[in-house]
Every structure is written in structure tokens, then in C-alpha cells.
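Peer 1:
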Amino acid sequence: MRDPVATDFQTWASACAVRVEAALERWLPASGVAPARLHEAMRYAVLGGGKRVRPLLVHAAGGLTGAAPEALDRAACAVELIHAYSLVHDDMPCMDDDVLRRGKPTVHVVYGEALAMLVGDALQALAFEILAGTIDSLEGAVAARMVADLARAAGSLGMAGGQAIDLASVGLPLSRTELESMHRLKTGALLAASVRLGARCGDPRAFETVQPELERFAQTIGLAFQVVDDVLDVESDSVTLGKTAGKDSQHNKPTYVSLMGLAQARALALNLHEQAHRCLAPLGPSALRLAGLTDRIVHRSS
Ligand code: GRG
Numbered sequence: 214m215r216d217p218v219a220t221d222f223q224t225w226a227s228a229c230a231v232r233v234e235a236a237l238e239r240w241l242p243a244s245g246v247a248p249a250r251l252h253e254a255m256r257y258a259v260l261g262g263g264k265r266v267r268p269l270l271v272h273a274a275g276g277l278t279g280a281a282p283e284a285l286d287r288a289a290c291a292v293e294l295i296h297a298y299s300l301v302h303d304d305m306p307c308m309d310d311d312v313l314r315r316g317k318p319t320v321h322v323v324y325g326e327a328l329a330m331l332v333g334d335a336l337q338a339l340a341f342e343i344l345a346g347t348i349d350s351l352e353g354a355v356a357a358r359m360v361a362d363l364a365r366a367a368g369s370l371g372m373a374g375g376q377a378i379d380l381a382s383v384g385l386p387l388s389r390t391e392l393e394s395m396h397r398l399k400t401g402a403l404l405a406a407s408v409r410l411g412a413r414c415g416d417p418r419a420f421e422t423v424q425p426e427l428e429r430f431a432q433t434i435g436l437a438f439q440v441v442d443d444v445l446d447v448e449s450d451s452v453t454l455g456k457t458a459g460k461d462s463q464h465n466k467p468t469y470v471s472l473m474g475l476a477q478a479r480a481l482a483l484n485l486h487e488q489a490h491r492c493l494a495p496l497g498p499s500a501l502r503l504a505g506l507t508d509r510i511v512h513r514s515s
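Take the sequence shown: its position 265, counting from 1, is numbered 478 in this note's numbering, and each next residue is one higher.
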């Protein structure tokens, strides 16, 4: 017999992804609007691809604090736009120099490097414009706090800082602690912000109550996401991943697999999976969607 909780999660996740896609479609300027080529490239970078893990985390975390879907849509789109911008810039020749992303040629391959840089810049600005719009449905102080949360997660003490450490670490044998702190910034900060932002969209008192467990969960799931990413880079292929497989070892990048080997990296992912579920246990049934996402993140194939 099919597991009703898992079925319910799949139904919710699919509906949520459709909702997020529609909101992104609405908020991205139409490709006919001048400057048309920039808007076309922004839409190419964002629409119709990706697993939408971060927006799903936003919506799932909102379930813990009774958040309204409209505010969640803004937070969900904002984190996805920051993520999309980071992928566009990361793929450029001055960084990871990749030609395949989300199963199609990267933005700079199709539109050129200068426009790809502007796509990233414009997506980042649009993310903050959309998030600041929560001022219409949430208390001003909460909306401002959310903007600050996202800025911190994206900036030099978050994702951009992690990327800088990553670029400086090529060919260096990082310790496990060093690897972990790099990934906490590069990948973990935005995933953690997704969870925090979603929960902030609801009742502020409920947010205070769930915050300690939620923060621990966010840190754990961020790390799990990265360990699985490292494993998939070795185990999977470019068609399944929608991006070039085997890049980490090709570029001599320190990863969990290079540090501890494939079997131990897999075991670590399972261990973090368990830890994440333990963080959610005290939060009760309202955390079921976060639990479903935990399973999806750890057991994903791309
Ligand atoms: C350029 C400031 C700047 C930062 C780039 C996120 C990032 C930092 C680089 C991407 C390189 C990379 C492979 C990171 C590892 C984890 C990661 C973020 C994978 C891509 O995220 P997914 O799997 O992608 O959620 P989709 O396409 O499904 O959204």
C-alpha cells in the first residue's frame, strides 16, 4: 500500500512548485519589455528548470508558523532568484567555467559574458525588490528583518564569501572543519535563510518558539545537501544532473568525497539525514513537510 504521508507530501510539493513557477513568471519582466535581451536572458536563467528546493523549504517552514501563502511566495521567489543569480555567475569562465546548467547551455554561452553578469546583478536586485514587498502584508520590522536575513545569507559573510573561499581553495587539502565552514557559507547560508524566511512570514511568537530547532535543522540540512552534491558529482552523469558531472575532481576541488572517500561521504549524508529528522521531531505534525523535504534532499538523484 502507498504511504499516505509520502503521497500527501508529493502532492503538496508538486502544487507548491507550480505555484512558485507562476509567481516567478509573474514577477520577472516580460521578454518584450526593454531591455528585451536582458529580460529574455533573466527568464532563460530562472524559468522551467531546477529542483526549487529553496522555495519549497520556504513554504514548508511557513507551515510551522501559520504563514500566509502570499508572503511566502515573495520569500520563495526571492531566495530562488538569489540562487539563480549565483548559478549564472558561478558558471562563467572567470569562475567555474561551465557550459551546461539545468539541462541546457549556460547563460553566458547563449547570451555572452557581459549579459550573463548583468543577468546575475539584475536577478539579485529583483530578489530584494520582491522580498521588500512583504511590507504590504507583514509588520514593517519583520519585512526589514527578512531583507537583512537574505542580504546576510547572500553576501560576503554568506554565499559570496563561501564562493571566495572555494575559489581560493582549489588544489588545497582542506580539513573537515575548513570544508564544513566553507560550505556553511557557500551553500548552507541560503538554504538556512530559506527556512528562516519562511518561518518569519507567520506569527512572530510562533517563530520565536520554533527558532532554536529550526536553526539546528537548517544547519544540518544545508550540510547534508552539500555532501549529497559531492557524492552525486562522482556517482551520477551529466544528463541526470543537468550539469557537468565530475567537475570537482577535474578542477581538483576539495570535497567530502576527496576528504573521506565515497562510502564515508554516503554514510555522513545518512547520518545528517537522521540528525535533521531529530531536529524536527519536537516540532510535531506541522513539520511533516520539512521532513518530506529532508528525505527528498538526501535521497535525490540530481
Ligand atoms: C557566484 C556569488 C556566487 C556564488 C556561487 C551556489 C554557488 C555559489 C555555486 C554553485 C556551485 C555548486 C555546484 C554548489 C554546490 C551546491 C549547489 C548550490 C548546487 C546547485 O543547487 P541545486 O542542486 O540546483 O539546488 P537547481 O538547479 O536544482 O536549483
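Even for Gly, the Cβ is constructed at its ideal location relative to N, Cα and C.
Taking the alpha carbon of MET305 as the point to measure from, which residue in ILE295, MET330, ALA258 has its own alpha carbon closest?
Peer 2: Selected option, being the one with the closest Cα: MET330.
Peer 1: Cutting at 6 Å between CB atoms, please list the residues of its own chain near PRO268, excluding the five before and the five after it.
Peer 2: Closer than 6 Å at the Cβ level, and outside the excluded window around PRO268, lie VAL233, ALA289, GLU293.
Peer 1: Can you tell me whether ARG315 is helix, strand or coil according to DSSP?
Peer 2: Reduced to three states, the DSSP call for ARG315 is coil.
Peer 1: How about LEU300: is its Cβ closer than 7 Å to a heavy atom in ligand 1?
Peer 2: Flag set: Cβ of LEU300 near ligand 1.
Peer 1: Does the distance from the CB of ARG413 to the CB of MET372 come in under 8 Å?
Peer 2: The answer is no: Cβ separation not under 8 Å.
Peer 1: Near ALA377, what residues of its chain come up, given a Cβ to Cβ distance below 8 Å and the 5 sequence neighbours on each side ignored?
Peer 2: Closer than 8 Å at Cβ, skipping near neighbours: SER369.
Peer 1: Hey, out of ARG265, GLY411, ALA356, whose CA is closest to ALA500's CA?
Peer 2: The residue with the shortest Cα to Cα distance from ALA500 is GLY411.
Peer 1: Does CYS492 pass the burial test, meaning 16 or more other C-beta atoms within 10 Å, or should it be called exposed?
Peer 2: Looking at its Cβ environment, which holds 16 or more other Cβ atoms inside 10 Å, CYS492 is buried.
Peer 1: Considering only residues of the same chain and omitting the five flanking positions on each side of ALA284, which have a CB-CB separation below 6 Å?
Peer 2: Around ALA284: THR347, SER350, LEU351, CYS414.
Peer 1: Go through the region 390 to 454 residue by residue and report every complete run of the beta strand (DSSP E) that reaches 3 residues or more, in order.
Peer 2: Those beta strand (DSSP E) runs which fall completely within the region 390 to 454 and span 3+ residues do not exist here.
Peer 1: If contact is defined by three or more beta carbon pairs under 8 Å, each pair taking one atom from either stretch, is the region 451 to 468 in contact with the region 310 to 325?
Peer 2: Cβ pair count under 8 Å is three or more, so yes.
Peer 1: For a quick check, are the C-beta atoms of TYR298 and GLY262 less than 8 Å apart?
Peer 2: It is not a contact, given that the beta carbons lie outside the stated cut-off.
Peer 1: Go through its chain and collect everything with a Cβ distance to TRP225's Cβ below 7 Å, but skip five positions before and after it.
Peer 2: If we look at TRP225 and ignore the five residues flanking it on each side, its Cβ neighbours are ARG502.
Peer 1: Could you check how far apart the C-beta atoms of ALA489 and ALA437 are, in whole angstroms? I think they sit under 8 Å.
Peer 2: Sure, about 6 Å apart at Cβ, within 8 Å.
Peer 1: What I want to know is whether the C-beta of VAL447 ends up closer than 7 Å to one or more non-hydrogen atoms of ligand 1.
Peer 2: The answer is no for VAL447.
Peer 1: Please determine whether the Cβ atom of HIS272 lies at a distance below 7 Å from any heavy atom of ligand 1.
Peer 2: No; taking the cut-off as 7 Å, the Cβ of HIS272 has no heavy atom of ligand 1 nearer than that.
Peer 1: Closest by CA to SER244, which one among ARG418, ALA235, ALA236, ARG256?
Peer 2: Nearest option by C-alpha distance: ARG256.
Peer 1: Closer than 7 Å to a non-hydrogen atom of ligand 1 - does that hold for the CB of HIS296?
Peer 2: For ligand 1, at least one heavy atom lies less than 7 Å from the Cβ of HIS296.
Peer 1: Thinking C-alpha only, which one of GLY374, SER382, ARG409 is nearest ALA356?
Peer 2: The shortest C-alpha separation from ALA356 is found at ARG409.
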